[in-house]
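Visitor:
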Amino acid sequence: MVSRVIFGRGSFSQLAEIVAPHRKNTEAPFIFLVDDVFKGNSQLTGKIPVSYKDEI
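Going by the numbering used here, the letters in the sequence shown line up with residues 2 to 57, in that order.
1) Checking the sheet assignment: what are the DSSP bridge partners for E56?
2) With F13 as the anchor, note down where its alpha helix (DSSP H) starts and where it stops.
3) Would you kindly work out how many angstroms separate the C-alpha atoms of E18 and G41, rounded to a whole number?
4) Is F8 close to the ligand SAM? I mean its beta-carbon at under 7 Å from any heavy atom of the ligand.
5) Could you work out which residue in V3, P22, L34, T27 is closest to E56 when comparing CA atoms only?
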């Protein structure tokens with residue numbers, strides 16, 4: 002179940018603060034799902050706060 006949805010201008014800038022409280026440790030990665038439409042779009046994927054063993 003999706004408990005929170007954000008959208009609109011500036012939504013990616015909020016992503017790190019939304020994800021941070023849910024990080025358990027460095028061995029528990031987040032998996033960020035991005036639509037195929039944005040495949041290869043480094044301008045978009047570069048805004049995703051990837052840490053530790055996270056994957057896009």
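Backbone N, C-alpha and C fix where the C-beta goes; we use that ideal spot for every residue, glycine too.
Just so we're clear, the structure is a prediction, and the values are computed from it rather than from any experiment.
Guide: According to the data block:
1) Beta-bridge partners assigned by DSSP to E56: I32.
2) 12 to 20
3) 25 Å
4) The ligand SAM is not among the ligands present in this structure, which contains no ligands whatsoever.
5) L34
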